[in-house]
Structure formats: C-alpha cells, structure tokens
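To start, the structure itself, in structure tokens.
Protein chains: 2
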Amino acid sequence: MTQISYARKGEITPEMRAVAKQEGLSPEIIAKGVANGEIVITCNSKYSLKHPCGIGKGLRTKINANIGSSTDCCDIKLEKKKAQVAREAGADTIMDLSTGGDLRKFRKVIQETFAGPIGTVPIYQIATETVKSKGGIVFMTSNDIFKVIEEQAKDGVDFITVHCGVTREVFDRLCAQKRIMDIVSRGAAFLITWMLANKKENPLYEHFDRLLDIAYKYDVILSLGDGFRPGAIGDATDRAQIQELLILGELKERANKRGVQVMIEGPGHVPLNEVAMNIQLEKKICQGAPFYVLGPIVTDIAPGYDEITSAIGGAIAASAGADFLCYVTPAEHGGLPNIDEVRRGIIASKIAAHAGDIVKGIKGAKERDNELSKARKKLDWDRQTKLAIDPEILKKFRSERKPKMSEVCTMCGDYCAIKIVEDAIKKHK
Amino acid sequence: MTQISYARKGEITPEMRAVAKQEGLSPEIIAKGVANGEIVITCNSKYSLKHPCGIGKGLRTKINANIGSSTDCCDIKLEKKKAQVAREAGADTIMDLSTGGDLRKFRKVIQETFAGPIGTVPIYQIATETVKSKGGIVFMTSNDIFKVIEEQAKDGVDFITVHCGVTREVFDRLCAQKRIMDIVSRGAAFLITWMLANKKENPLYEHFDRLLDIAYKYDVILSLGDGFRPGAIGDATDRAQIQELLILGELKERANKRGVQVMIEGPGHVPLNEVAMNIQLEKKICQGAPFYVLGPIVTDIAPGYDEITSAIGGAIAASAGADFLCYVTPAEHGGLPNIDEVRRGIIASKIAAHAGDIVKGIKGAKERDNELSKARKKLDWDRQTKLAIDPEILKKFRSERKPKMSEVCTMCGDYCAIKIVEDAIKKHK
Chain E
1 MTQISYARKG EITPEMRAVA KQEGLSPEII AKGVANGEIV ITCNSKYSLK HPCGIGKGLR
61 TKINANIGSS TDCCDIKLEK KKAQVAREAG ADTIMDLSTG GDLRKFRKVI QETFAGPIGT
121 VPIYQIATET VKSKGGIVFM TSNDIFKVIE EQAKDGVDFI TVHCGVTREV FDRLCAQKRI
181 MDIVSRGAAF LITWMLANKK ENPLYEHFDR LLDIAYKYDV ILSLGDGFRP GAIGDATDRA
241 QIQELLILGE LKERANKRGV QVMIEGPGHV PLNEVAMNIQ LEKKICQGAP FYVLGPIVTD
301 IAPGYDEITS AIGGAIAASA GADFLCYVTP AEHGGLPNID EVRRGIIASK IAAHAGDIVK
361 GIKGAKERDN ELSKARKKLD WDRQTKLAID PEILKKFRSE RKPKMSEVCT MCGDYCAIKI
421 VEDAIKKHK
Chain L
1001 MTQISYARKG EITPEMRAVA KQEGLSPEII AKGVANGEIV ITCNSKYSLK HPCGIGKGLR
1061 TKINANIGSS TDCCDIKLEK KKAQVAREAG ADTIMDLSTG GDLRKFRKVI QETFAGPIGT
1121 VPIYQIATET VKSKGGIVFM TSNDIFKVIE EQAKDGVDFI TVHCGVTREV FDRLCAQKRI
1181 MDIVSRGAAF LITWMLANKK ENPLYEHFDR LLDIAYKYDV ILSLGDGFRP GAIGDATDRA
1241 QIQELLILGE LKERANKRGV QVMIEGPGHV PLNEVAMNIQ LEKKICQGAP FYVLGPIVTD
1301 IAPGYDEITS AIGGAIAASA GADFLCYVTP AEHGGLPNID EVRRGIIASK IAAHAGDIVK
1361 GIKGAKERDN ELSKARKKLD WDRQTKLAID PEILKKFRSE RKPKMSEVCT MCGDYCAIKI
1421 VEDAIKKHK
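One line per chain: the protein sequences are E and L, in this order.
Take 1 as the starting number for the first sequence in the working numbering and just add one per residue.
Take 1001 as the starting number for the second sequence in the working numbering and just add one per residue.
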C-alpha cells in the first residue's frame, strides 16, 4: 500500500500525521492533498517513518540539492562532504546524480550521510553500467532499465526522475521546430540515443505499467522528468516542452489511479515573464500535481552566478505555486560544484523558497521576517543571528567588523538611522 | 539651460545624441522622453559630455553602486579601490555615501577614480559637518544645507538624493500607524531629528524652489529620496510610504516645470507580490518619472545574502518598469562592504537589470542570451566567456576544473548531454 492508496481509502497514515505536524496543518488536509495527487510524501517503504517530507499544495516550499560524481570528478569523500553540507545548510532532499565511479557505492554513502529523503535518476546508473559492460548505451535493454530501478527502490530511494515523456512524438515535434539548445537533459540524451539507434519507443513510456508496479511496491515517488526542458531562455515554453508536459499530465493520471505518487519536473531556462504562466500551465495540465522546478534561471548570460539567476526564477515560481525547487549552484554551466558552491546553492534556493512562501501565506513565513526585523529594530544582534537563514555569516560580519558602538554596525557607525530616529522620537515624546 | 529645458523647446542636445547612440535609439525618442520627464540624463554642466547616462523609459536598466566611508570604517584607499572595482565590474553610476573622514576629499577621490556619473546624499555632509562644528545635527541651518548642495553641484555631482518628502504630514501619518522599523533612511533620520527639535518643516520641502535654482544652474538631477521607505517587508506599501510618494509626485511636477530633471527613489523591503504594483503606482503618481529602486529585497531573513534577496526584487522591479536599480551588497544589514562584496553586489544587480531588460524588450538584451546559448551549444568556451556577465569566473572554472575531453565541462564529463544528443542526431540523419 502507498500513501496515495491509503489516502484515497480515507485512511490517515503516520506519515501524513508527521507531515501535518511539520507543517502545522491538520492531518485531514494532508490526506486530502495526497488523495488528490496534489501532495506527495517521501516515504520509500524501507525508510517510511524516518524522514517523511511533504511536497505540494499548501505546504512549505521544499528545496533539493543535486550532488554526485562525474567521470571527470569522482571523489567519494568530496561527495560525502557535500551530503553533510546539504544536511547542515538545510536542504530538504538531495538527489544523487553520480555518473562516475561505483554508482551504488556513491549512492549508499550519500544516502547514509544525508540521512534524509533522497532522489536519483536511475537511467544514469543504467546507461553508465551498460557503457561499461556492453560498450554503448544503445545496447541497453528494457530489462536492464527496470532491474536497476527496482534495485534502487529496494535500496530505499524515495523519488526517482524518470523521463517517461521523452517519446518519439515529442522528439519529432522538436525536430520540426528550431531550437537553440535542443536537448540538455542527460537522461533524455541517453534515451534519445537509444531510441534512434534501436528505432524504438522509450521503454519508460512503453512499459509505464511495469514502472508503476515497482513504484507501487516500494512507494517510490515518480518524478516525471522534463527531458525536453529548455536549456536556453530562447527555447522556453516552446511546442516540444509543452508537448512533453501534455504527456506527463496523462501519465500522472494513470499513475495516481494505480496508487502511485507523482511529481512533475519543470524548466529550466525561462525568461522572468514566462515563469508564472509555466507554473499555472503545469497545475492545469497535470491536475495540480506537485511541481518540481529546476531553477528556473531567468537569463543565460551569468555562468558563475546561477545560484542568483535561479533564485530569481525560483522565487517567482514558488510564489506562483511551484512546490519544490531544485537548487542551481554557481558552478552550473562551468563544472561540477565544490563544497562551498553546494552550500551557496542551497542558501540561494532557501531564500527563493522563503520569498515564495511569504506570498503563498505559508504559516510562519512572514512571521519570521517580522521577528527578525523587530530584533533589527532593537539592534539585538543575537536574535537577528538566530533568525537569519545563515547565522554563521552574520556572526562572521560581527566579529570581523567591530563598530565602536557595539549596538550598531560599521555600515552607518555613529549615524545609524535606527538609533538616531529612536533617540529623536524619545526626546520628542 | 538644462537637458529638460532644451528638450521642451524641441532642441536635441549632444548629450541626448550620445545617449541615443548608446541605447541604439533615435535622438528624437530620447528628447521626447527627457521633455516628458520620463528620461533623465546625467550631465552636470561641469562634466556634461564626459559621461552622459540616460535613465528611464525604453532605455537599458541602469545600476548604481553605493560606496563611501562610515565613522567606523574610514579608509580612503579602500574606497578608491571600491570605485575602481565599480568601474571594472560595470556599474553605470556610483553614489558616494561617505559619512566618516574628510567627506569632500573622499568624494573627489571617488569621483576621479570612477570617472563616470556620480551621485551623493548632501545631507550626509551637512549633518556630519554640523555635528563636528556645532556639536549636533539640531544646530543645522537652511543656509548650511543649501551651501553644501551648491558646493557639491559645483564639484560636478550629477545627481543628488534629497529627502524632500520627509514632511511633518508624513511623519504624523507614520506616528498614527504602527511600523516594525519606523525610519531606516539616514537622510530622513537626520532631517526628522532636526525637525522635531526645531519644531519646523523640512527645509528641503519648505524651500524647494531654492533647491530647484541650484539644480537648474548645474543641471543636477534631483533624486527625490524615499525617507519613509519600508525597512521591513512587514512595513511595505503602508500609508506613510504612499503618503510620501504622493508628495514626491507633486514635487516632480514642480521641478520639471522649472526645467529640473527628476528621478523618484523607491523601496526598500517589499514582499515579492507587491513589487510590480509599487512600480506601477510610482509610474502613475509621478507621471512616468524614472524610478530608482533600492533592491528591493523580498525577505528580511537573509543578512549576508542581500545581493540575492535584492536581485530577486530588482529583477521583478525592472521587468515591471523600474529604470534604475541601486545594488545591495551581501554585507547590507551587517556592516560596510569590502571590495569583494561591492563586486558581488554589482554583478547581482547587473543580472537583475538584464533579466528585466529581457522582459522590457530592450535592444540586444535577449539577443545576448541567445548568442551565449548558441556558443554553449557549440561547446565554444571562449565565446561563452566573452559573452558572460563575468568573464573572469568562467575562465577560473575552466582552468581550475579541467575535463578529460576539453570541449565539455566536469559537470557531466563524458556524459555531456549536448555532445551525446549531437552525436545521436548526426548518426540518425
């Protein structure tokens, strides 16, 4: 039994109660959202009660950090450290996107270290193992695919990105139009390579029921990947992207009916004025399914600062109803991120999520801003530090830049507006 | 004669032609905007043709960097270096907000080093000199105020922030409501202190015509300050803020009639969903006057990362029609920024402005993204570097993180989606 199948029978599970408690909402609201497919709960049956995390309508916007090796950068200690940093910096979930080294080993180390909900893109393991064992992605079989998916599910992965919408139909539509970047999704790249060489349909689409069986068995959330996401703002909201979304909407319905939890993944590179409409469209086409967006980044010209370009898009997306933000690090479009970049990516994404939560009216969001501002007004630095998204940096500022008057800061020094106004009003009274 | 007085007589000045050339627009469009008060051109008569910069409707969104000393941090070499960095990183203008040390000396060094349009807040010099010479802000006179303003105008300052809307009326309205942060503007704090102690109206409001005479004589742009800007998102868009805006709208009309160029300054701390409406409101109330926003920052809880909170607000503001973004550095709310923080603030602000320019349809904005993405598709790293907002950081990534295959990056290594898809499509054809 899965969370959605319990919910649809009107049963409230311990996981739903746990999520309700975390969010300060009633278990009934959570159960209703899960039943409708508007909320998912990470709870692989192996780990169900360890770290249930609710993602969806009415809940705090969650953020994910992508970590993992590549063929060029394959250091298990480094990835373990990234998982630690993700935990400390407050990522709600992580995805292990490793493609270099012993992938199962990387996954286990990352999973144990983070000790929270974990996602993967199984096609990475399938493709890289096929390359090693058979000499090329094109030799992959359907059985290879589902074997690895089941292995990962058994290992306790909570959500998996599956590019089920990468179909011949969408690919033909892509070829019939012009795009700047074509396909930028690694998962889609693997599948398209296989599909073209074998002249076959995507097995994840063709054998979707087999995928549903596995997902149901372990209550793994299917995160329906956007293989045709725009990789340039000039490609945003085009026919290929929206065609894939339509297919994901159909699959979402099938999955929910079968008792399988589903999220939808979204773009990508999107100009600022198309972000909100992309959220609206997903919510309509996919019947309110939780929307998991990568960024989105609102300009292509800032490699090295994509934690900022994605915080802009992410904040707008969250405020428009996106439920789950995938962080983007400063290193995106330049290389695999280091520890500090992982940390910066998480903080930027948390800022975006919180800015959105203020607009969504999430319980406690605006209140935290007000509390911090009250502390700021009182020049109470300890309390400001406690309430800040990154307490360490404020402590660092305070110790590095000591003002002569301890209550102010070095920005205005003697001429602190807060202090001056307070004094003036006091005298006036 | 000033730019606006020429424009209203139908004359096109060399400064207007220079701005038209920079923006790729016709001189007639610029002249029309200047005549309407929808565009301003920085052109203190002393420096008029050295660095005219157009700010307003239809033009590229400009960004300003605040630098300058405080009583706690008063190092002229450091501020000189910040002015250099501002120039190199591409700030369109700088404001010298010094309040510590020999202010005139700081201003001259900063002005000469930046060698571009410069703004100031003259009340800082007036207040700090009065404290030194007379023992308190409350002993300041109207003559002191206008003497310093004229001195700065004569020294070639292009725009000055003048808190003319800090009136008794607005202050009373502020006191009649509840605010978390009251007043966070240093200029307003000085003026209110003086007004309460002396039981008088703000001289910058009462003797506005005297201010106009000076501004007209040197063609200094009046940047009408928002002394009652919200300093907490909980205070945003309240009656005090909007009352001040109404007064600024009246003053803008008077100034334009007198042949004086005007910008309006805007908040501050604003929740994401109130940013666009604040821009719309300013444009209505102030008859399309160029809007110069500080940030805005969309959450209070991220001290240490306010380049990000303000990039979010700034991007939305720019896309909604804000013309001029004042950067916010990571150090805001923690101390005076160092060199690196000034640089980060400028880049974040440039990202926000550019994201807005894509939406505004500014000539060349979206095209630059497309060019960079085309280079990315071709895995042409040199061209990506050339087109990036910060070429240095991409160079650094490339040299620090060398992939085995030189054309890809270490993020995906052998499994670069761009490369895989290209190969697959080539074989397919």
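A virtual CB, placed ideally from N, CA and C, is assigned to each residue, including glycine.
Grouping DSSP H, G and I as helix and E and B as strand, with all else coil, what is residue i?
i, result
"L59 of chain E", "coil"
"S1223 of chain L", "strand"
"T120 of chain E", "strand"
"N202 of chain E", "coil"
"G266 of chain E", "strand"
"F159 of chain E", "strand"
"F228 of chain E", "coil"
"T93 of chain E", "strand"
"G1054 of chain L", "strand"
"L1379 of chain L", "coil"
"N1066 of chain L", "strand"
"Y1415 of chain L", "helix"
Rounded to whole angstroms, what's the CA-CA distance from residue i to residue j? Just pull it up for me.
i, j, result
"K1366 of chain L", "Q3 of chain E", "45 Å"
"G1033 of chain L", "L1248 of chain L", "19 Å"
"K374 of chain E", "A1031 of chain L", "47 Å"
"Q1125 of chain L", "F1114 of chain L", "20 Å"
"R398 of chain E", "P1330 of chain L", "13 Å"
"R1376 of chain L", "P303 of chain E", "11 Å"
"C164 of chain E", "G37 of chain E", "18 Å"
"Y1047 of chain L", "W1194 of chain L", "34 Å"
"M1095 of chain L", "K178 of chain E", "45 Å"
"T1130 of chain L", "V1121 of chain L", "15 Å"
"E1390 of chain L", "L1379 of chain L", "Residue identity check: residue 1390 of chain L is Asp in the sequence provided, not Glu. Roughly 18 Å separates the two Cα atoms."
"D1158 of chain L", "T1093 of chain L", "10 Å"
"V162 of chain E", "E1422 of chain L", "22 Å"
"N202 of chain E", "L251 of chain E", "14 Å"
Quick check: residue i and residue j, are their CB atoms within less than 7 Å of each other?
i, j, result
"I1041 of chain L", "F1324 of chain L", "no"
"G116 of chain E", "C74 of chain E", "no"
"D382 of chain E", "I1301 of chain L", "no"
"I110 of chain E", "A86 of chain E", "no"
"L1025 of chain L", "N1066 of chain L", "no"
"M1263 of chain L", "Y1292 of chain L", "yes"
"G1187 of chain L", "I1123 of chain L", "yes"
"C1412 of chain L", "S70 of chain E", "yes"
"A289 of chain E", "A318 of chain E", "no"
"A127 of chain E", "I137 of chain E", "yes"
"D357 of chain E", "V328 of chain E", "no"
"A221 of chain E", "Q261 of chain E", "Contrary to the premise, residue 221 of chain E reads as Ile rather than Ala in this sequence. In this structure, Q261 of chain E lies closer than 7 Å to I221 of chain E by Cβ."
Sorted by chain position, which residues of the same chain lie with C-beta nearer than 6 Å to residue i's C-beta, five sequence neighbours on each side aside?
i, result
"R439 of chain E", "Look at the range of chain E in this structure, 1 to 429, and you will see that residue 439 of chain E is not part of it."
"M1181 of chain L", "G1231, A1232 and D1235"
"F1146 of chain L", "R1210"
"Y218 of chain E", "N44, S45 and A153"
"A1322 of chain L", "I1279, F1291 and V1293"
"I1312 of chain L", "V1298"
If we count the other Cβ atoms within 10 Å of its Cβ and call it buried at 16 or more, is residue i buried or exposed?
i, result
"M277 of chain E", "exposed"
"K402 of chain E", "exposed"
"E407 of chain E", "exposed"
"Y1088 of chain L", "Tyr is not the amino acid found at residue 1088 of chain L; the sequence shown has Glu there. So E1088 of chain L counts as exposed."
"S1185 of chain L", "buried"
"K1200 of chain L", "exposed"
"Q1152 of chain L", "buried"
"D1340 of chain L", "exposed"
"C1175 of chain L", "exposed"
"G364 of chain E", "exposed"
Identify, in the order they occur along the chain, each residue of the same chain with its Cβ nearer than 7 Å to the Cβ of residue i, setting aside the five sequence neighbours on each side.
i, result
"I285 of chain E", "L245, L246 and G249"
"T141 of chain E", "none"
"G1090 of chain L", "I1346 and K1350"
"A189 of chain E", "I183"
"I418 of chain E", "K377 and L379"
For residue i, which residues of its own chain have a beta-carbon under 8 Å away from its beta-carbon, when the five flanking residues on both sides are left out?
i, result
"E400 of chain E", "none"
Is any heavy atom of the ligand ATP found at a distance shorter than 6 Å from the C-beta of residue i?
i, result
"A348 of chain E", "Judged by which ligands are present, the structure shown has none, so any question about the ligand ATP falls away."
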